[in-house]
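Since the structure comes first, as structure tokens, the remarks are kept for the end.
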Amino acid sequence: PEGRREHAAMSSGAIDSLCIGSSKVAEIEKVLARAMVDGSGPAEGGAEGWEEIDEPIKKSVVLFHSRPGGALLLALYADKHWSREWNIYLITAANQDRQETIHTALKLVKYSDQTQKPSILIVAMSVGGEGVNGMQNASYSISVDLPLSEALKTQVAGRVYRYGQIHESHHYQLVSQHPAERIILARHRKRDAEFQRLLEELGGEVDGDTEGPAAD
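Start counting the sequence shown at 53; every next residue gets the next number (this note's numbering).
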């Protein structure tokens, strides 16, 4: 965070001109407010050893962006406007030892209890499915934009809602009125409908050798 605060966009006010007024930023702030006051305790049937906890834990939030540049802009805005109440972390890249590097970074994240600030993890989706597995202590995830790959869209929710999760999980997908995102959303829905049709034809079973026309 210290390095990001020295970025020229912070001192020039450019980051505010890019982000303030954004409907997506406004929606993110609504979710952050909800997570900050979430008083729910560990979910029933949670991970072993957590049944003894009586006090609610402030919930951390993961924000996923499909582009590293977009994730950086979001982190700059978060540093300026949200860091008083949240710890801010940005994960956008890794070296050739990809998973080991990401795991090392995630160990530095301070997941909160009632005496600490909760954390916001901002993650580029390019690393969302490779090694970013230590997020079960967060219980809110937000896909800030629609990835072209439908598989990545599913992956991001699974980074938080997975084995070891101890809290009720909430996932949000933000979609703007921009034509590009509306086209991507329509393609995802068309693929979902085609997949559902095939499942119904096959009686709910998928044969790996089954061939058929691919969805657009």
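We put the beta carbon where it would ideally sit given N, CA and C, even for glycine.
Given the structure is predicted, the values throughout are model-derived calculations rather than measurements.
Euclidean distance between Cα positions of residue i and residue j
i           : j           : result
residue 251 : residue 245 : 10 angstroms
residue 129 : residue 247 : 39 angstroms
residue 142 : residue 115 : 9 angstroms
residue 77  : residue 139 : 17 angstroms
residue 120 : residue 198 : 14 angstroms
residue 131 : residue 243 : 38 angstroms
residue 219 : residue 90  : 11 angstroms
residue 125 : residue 117 : 10 angstroms
residue 88  : residue 232 : 32 angstroms
residue 213 : residue 223 : 9 angstroms
residue 205 : residue 137 : 28 angstroms
residue 249 : residue 169 : 46 angstroms
residue 79  : residue 187 : 22 angstroms
residue 241 : residue 171 : 32 angstroms
residue 215 : residue 144 : 24 angstroms
Check whether residue i and residue j have beta carbons under 8 angstroms apart
i           : j           : result
residue 75  : residue 228 : yes
residue 190 : residue 113 : yes
residue 209 : residue 174 : no
residue 225 : residue 195 : yes
Start-to-end residues for the beta strand (DSSP E) that takes in residue i
i           : result
residue 113 : 112-117
residue 225 : 222-225
residue 254 : That residue, residue 254, is in no beta strand (DSSP E); it is neither H nor E in DSSP.
residue 175 : 171-176
residue 142 : 139-143
residue 191 : 190-195
Residue i, enclosing alpha helix (DSSP H) - first and last residue
i           : result
residue 84  : 75-88
residue 129 : 120-133
Burial state of residue i, where buried means 16 or more other Cβ atoms lie within 10 Å
i           : result
residue 230 : exposed
residue 253 : exposed
residue 235 : exposed
residue 82  : exposed
residue 85  : exposed
residue 211 : buried
residue 192 : buried
residue 238 : exposed
residue 255 : exposed
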